[in-house]
Every structure is written in structure tokens, then in C-alpha cells.
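So that you can map any letter, position 4 of the sequence shown is 13 in the numbering used here, and since no number is skipped, the others follow by simple counting.
Below you'll find the structure, written out as C-alpha cells, and then a few comments.
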Amino acid sequence: STGIWKCSKCETTFAGGTYLPDTPVGRASQKSFSKVGSE
């Protein structure tokens, strides 16, 4: 399941896990994107 989260500091809204703002798949894809961006 997913949830919609809103950061109370910066007011950014994003999708994440039901009980946590990120998911294992989201963390893995973020690592992949950061590796591609640094090349």
C-alpha cells in the first residue's frame, strides 16, 4: 500500500509507504538514479 505524505518543513507532497515515507523499492531506485547522475 502507498500513502501520501506532506513534509511539515518544506510543504512538499510525495507518495511513499503506508507507515513510512519511503519504501525499499523507492530507496533502491533512488540509489540507481544517484549513481547515474554522478557519472
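All C-beta atoms in this analysis are idealised placements derived from N, C-alpha and C, irrespective of residue type, glycine included.
Quick check: the Cα distance between Thr-21 and Val-45, rounded to an integer number of angstroms? So the two alpha carbons sit approximately 24 Å from each other.
Looking at the C-beta of Trp-14, does it have a partner C-beta in chain C at a distance below 8 Å? This model lacks chain C altogether; it includes just one protein chain.
Counting only the same chain and skipping the five closest in sequence on each side, list residues whose C-beta sits under 7 Å from that of Ile-13. Thr-22 and Ala-24
Close Cβ partners of Pro-30 (< 6 Å) along its chain, the five nearest in sequence each way excluded: Trp-14
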